[in-house]
Each structure stands twice: as structure tokens, then as C-alpha cells.
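Worksheet for the structure shown next.
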Amino acid sequence: MTENQLAEMFENISSLKAMTKEVMTINECAQYTGLSVSYLYKLTHRKLIPFFKPMGKRVYFKRTEIDQWLLRNKQGGIYEAS
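So the sequence shown is residues 1291 to 1372, counted in this note's numbering.
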């Protein structure tokens, strides 16, 4: 295995680990949702997304609440399950 392959494998493992964490940082939440960090900050400032700020500085997100928030913002589509 080359050094590049190992680095890529490590990055993939790190991404998978972030996807299974119960509480995520803003960077992990951005990666999980596909939203930018700056947009997540805007959403937290407007209190449009569930978040925690336990020490008054860092922002954290509970994965289950983010999943519910994402599903709540569904726009509908042509094909919906019956």
C-alpha cells in the first residue's frame, strides 16, 4: 500500500467515525449534512437548527436531532411512498 492509499483510507475511516457519533462538532455536522460550516453558523445564529453550546463557545449538534431536522424540512416530490 502506498502512502497516498493509507492517507485516503484513514480519511475514509475518520469520515465514517464522524457519521456514527451521537454528538458532532460543527465541522463534523457540516460533513454529515453536506452544508457549509458558515451556513450552519447562520442557522444556529437564527436558531433554525437544533444545537448545544454548553461552554458558551463551541457549537455541538446531536445527530438524531439533525436527522429529524433534515427530514422535517422535506419539500415533497412527485413520487411519494404510499
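Glycine included, C-beta positions come from ideal geometry on N, C-alpha and C.
Contact between ARG1353 and GLU1312 is confirmed by a C-beta separation of about 6 Å, below the 8 Å threshold. Nearest C-alpha to VAL1327 among MET1345, PHE1351, PRO1344: PHE1351. CA-CA distance, LEU1338 to THR1315, rounds to 17 Å. Counting along the chain, VAL1349 sits inside no beta strand (DSSP E), nor does DSSP assign it H or E at all. In the DSSP assignment, THR1334 falls within the unbroken alpha helix (DSSP H) covering 1327-1335.
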